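Here's the structure, in structure tokens; my notes come after.
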Amino acid sequence: MDAEGFVHHRVRLAIAGAGRDELLDIFAQTSEELRALAPDVASAGFGIPSLIDRARGLSVQSVHLPLDDLPFGAVMEERLGLPVAWDNDTNLALLAEHRFGAARDASEALMLTVGTGIGGAILHDGELYRGSVGAAGELGHVTVDLDGPPCQGGCPGRGCLEVVASGTAIGREGAIAAVAAPESGLGRAVASGRVPIGELVTELAHAGDATAQSVLELVGRRLGVGVVNLVHIFNPEVVVLGGGAMAAGDYLLGPARAVLAERGLRPSRDVVRVLAASLGDDAGMVGAGLAALELAVGERSGATWR
Ligand SMILES: [Zn+2]
Numbered sequence: 002m003d004a005e006g007f008v009h010h011r012v013r014l015a016i017a018g019a020g021r022d023e024l025l026d027i028f029a030q031t032s033e034e035l036r037a038l039a040p041d042v043a044s045a046g047f048g049i050p051s052l053i054d055r056a057r058g059l060s061v062q063s064v065h066l067p068l069d070d071l072p073f074g075a076v077m078e079e080r081l082g083l084p085v086a087w088d089n090d091t092n093l094a095l096l097a098e099h100r101f102g103a104a105r106d107a108s109e110a111l112m113l114t115v116g117t118g119i120g121g122a123i124l125h126d127g128e129l130y131r132g133s134v135g136a137a138g139e140l141g142h143v144t145v146d147l148d149g150p151p152c153q154g155g156c157p158g159r160g161c162l163e164v165v166a167s168g169t170a171i172g173r174e175g176a177i178a179a180v181a182a183p184e185s186g187l188g189r190a191v192a193s194g195r196v197p198i199g200e201l202v203t204e205l206a207h208a209g210d211a212t213a214q215s216v217l218e219l220v221g222r223r224l225g226v227g228v229v230n231l232v233h234i235f236n237p238e239v240v241v242l243g244g245g246a247m248a249a250g251d252y253l254l255g256p257a258r259a260v261l262a263e264r265g266l267r268p269s270r271d272v273v274r275v276l277a278a279s280l281g282d283d284a285g286m287v288g289a290g291l292a293a294l295e296l297a298v299g300e301r302s303g304a305t306w307r
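Here it is, written out as structure tokens:
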């Protein structure tokens with residue numbers, strides 16, 4: 002990404018199942034490949050799905066990747082020989098949405114990235130809010146079901162928003178719905194061997210299958226319960242919903258907004274807008290680029306994202 006925020010090169014790699022060393026090798030190798038295309042690069046930025054202790058420079062806990070207790074920035078600076086900016090991935094996605102997207106001009110905003118898990122970020126007074134050491138904003142791990150199912154990955158919680166309302170939950174509920182409605186489009190797709198993951202449910206919902214749509218309504222209403230809790234705590238102007246699962250669009254947004262209208266307290270529920278992210282999958286990357294740019298120039302840049 003250049004100083005005006007223009008993205009010149011992008012590489013997308015699957016990293017599921019990679020161990021720590023392999024993962025760091027992939028990060029370093031990818032960075033080197035991009036650097037070969039743009040040799041005058043000044044700094045690198047990383048958004049990682051970790052709870053971070055900024056004072057100690059550690060990625061302390063990462064629910065979905067093997068990055069626990071790792072001095073991530075120092076390790077990557079040594080491997081790349083470049084200044085490295087790094088932060089929680091959803092923090093950076095919200096930074097990008099605030100600068101260029103759905104939360105533009107808001108000074109109080111929240112973001113949920115709904116994918117394999119649910120990432121969260123808080124913007125307060127126009128700046129990212131990080132808490133005492135940098136680990137704030139884990140909005141996917143608020144409890145919405147006291148004795149609910151065990152959470153995913155390394156989270157010791159039960160009934161977290163993430164475990165009942167993520168893309169993974171869409172797939173799980175889709176599998177249940179396919180068995181309950183074998184004659185539906187979803188039921189027939191699963192019987193024919195397609196794996197009931199969130200992408201399949203979303204595809205069939207857009208194609209008009211009522212069973213797939215009802216799965217998204219169920220998960221969207223759960224997402225709405227999470228949003229109600231957060232709106233009561235933070236009284237934000239905007240809640241941005243992003244991540245891969247938002248390919249479902251209004252099938253998730255509509256039920257989430259309906260629950261907020263039913264259960265939210267005034268005035269918070271009346272002033273907040275619940276919006277889909279406008280940078281899509283690029284948000285985290287653009288935010289990491291912004292952080293790297295600001296590290297390189299030592300101040301907030303006037304970059305505009307295109
Ligand atoms: Zn959790």
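Residue numbering for the sequence shown follows our numbering, starting at 2 and increasing by one per position. Note that CB positions come from ideal geometry on N, CA and C, so glycine has one too. A quick note: this is a predicted structure, and the numbers were derived from the prediction, not measured.
(message) Using a Cβ distance threshold of 8 Å, determine whether the region 207–214 contacts the region 179–191, with at least three qualifying pairs required.
(response) yes
(request) Please state if the CB of T144 and the CB of G121 are separated by a distance shorter than 7 Å. (result) If you number the sequence shown from 1, residue 121 lands on position 120. If you number the sequence shown from 1, residue 144 lands on position 143. Contact: no.
(request) Output the distance between the C-alpha atoms of G290 and G250, rounded to the nearest integer angstrom. (result) Counted from its first residue, the sequence shown places residue 290 at position 289. Counted from its first residue, the sequence shown places residue 250 at position 249. Looking at the two C-alpha atoms, the distance is approximately 26 Å.
(request) Identify the continuous beta strand (DSSP E) that holds A112 and give its terminal residues. (result) Position 111 of the sequence shown, counted from the start, is the residue given in the question as residue 112. This sequence places Met at residue 112; Ala is not what is there. It spans A110 to V115 - the beta strand (DSSP E) in which M112 sits, taken as one unbroken run.
(message) So, with DSSP's three-state summary, where would you put R307?
(response) For the purposes of this step, residue 307 is taken as the residue at position 306 of the sequence shown. Summary for R307: the model assigns pLDDT 35, below 50, so the residue's position carries little reliability, and this model does not support an answer.
(request) Could you name the residues of the same chain whose beta carbon sits closer than 8 Å to that of H9, not counting the 5 residues immediately before and after it, in chain order? (result) Reading the sequence shown from its first residue, position 8 is the one you call residue 9. Within the same chain, H9 has close Cβ partners M2, D3, L38 and A39.
(request) Write down the C-beta distance between V228 and L261 rounded to the nearest angstrom, noting that I regard them as a contact closer than 8 Å. (result) As a working mapping, residue 228 is identified with position 227 in the sequence shown. As a working mapping, residue 261 is identified with position 260 in the sequence shown. Indeed they touch by this definition, with Cβ atoms about 6 Å apart.
(message) Bridge partners for P40 per DSSP, in chain order?
(response) The count along the sequence shown starts at 1 and reaches residue 40 at position 39. In the DSSP output, where bridge partners are listed per residue, P40 has none listed.
(message) Restricting to runs no shorter than 3 residues, where is the beta strand (DSSP E) found entirely within the region 144–205?
(response) none
(message) Report the CB separation of G172 from G221 in whole angstroms; it is logged as a contact under 8 Å.
(response) Counting from 1 along the sequence shown, the entry for residue 172 is found at position 171. Counting from 1 along the sequence shown, the entry for residue 221 is found at position 220. With a Cβ gap of about 15 Å, G172 and G221 do not count as contacting.
(request) Quickly, what does DSSP pair H125 with across the bridge? List them, please. (result) Counting from one through the sequence shown, the residue named residue 125 turns up at place 124. The partner list for H125 (beta bridge, DSSP) reads E128.
(message) Considering only heavy atoms of ligand 1 and the C-beta of each residue, which residues fall inside 6 Å, strictly closer?
(response) H142, C152, C156, G158, C161 and E163
(request) Please name the residue or residues paired with Q30 in a DSSP beta bridge. (result) Looking up residue 30 in the sequence shown gives position 29. Answer is none; Q30 lacks a bridge partner.
(message) Based on DSSP bridge pairs, tell me the residues matched to V333.
(response) Beyond the ends of the chain as shown, which are 2 and 307, falls residue 333; an answer cannot be given.
(message) E238 and E109 - do their beta-carbons sit closer together than 7 Å?
(response) Here residue 109 corresponds to residue number 108 of the sequence shown, with the count starting at 1. Here residue 238 corresponds to residue number 237 of the sequence shown, with the count starting at 1. In this structure, E238 lies closer than 7 Å to E109 by Cβ.
(message) Let's test the definition: count the other Cβ atoms within 10 Å of the Cβ of T305 and tell me whether it reaches 16, buried, or not, exposed.
(response) The count along the sequence shown starts at 1 and reaches residue 305 at position 304. Below a pLDDT of 50, predicted positions are generally treated as unreliable, and T305, at 45, falls in that range; the measurement from the model is reported next regardless. The residue in question, T305, is exposed, as its Cβ has fewer than 16 Cβ neighbours within 10 Å.
(request) Could you please give me the residues that DSSP links to D88 through a beta bridge? (result) What you label residue 88 is simply residue 87 of the sequence shown in a count that begins at 1. For D88, which the question treats as bridged, DSSP gives the partners G48.
(message) Taking 8 Å as the cut-off, does the region 43–50 touch the region 77–97 (at least 3 CB pairs, one atom from each stretch)?
(response) yes
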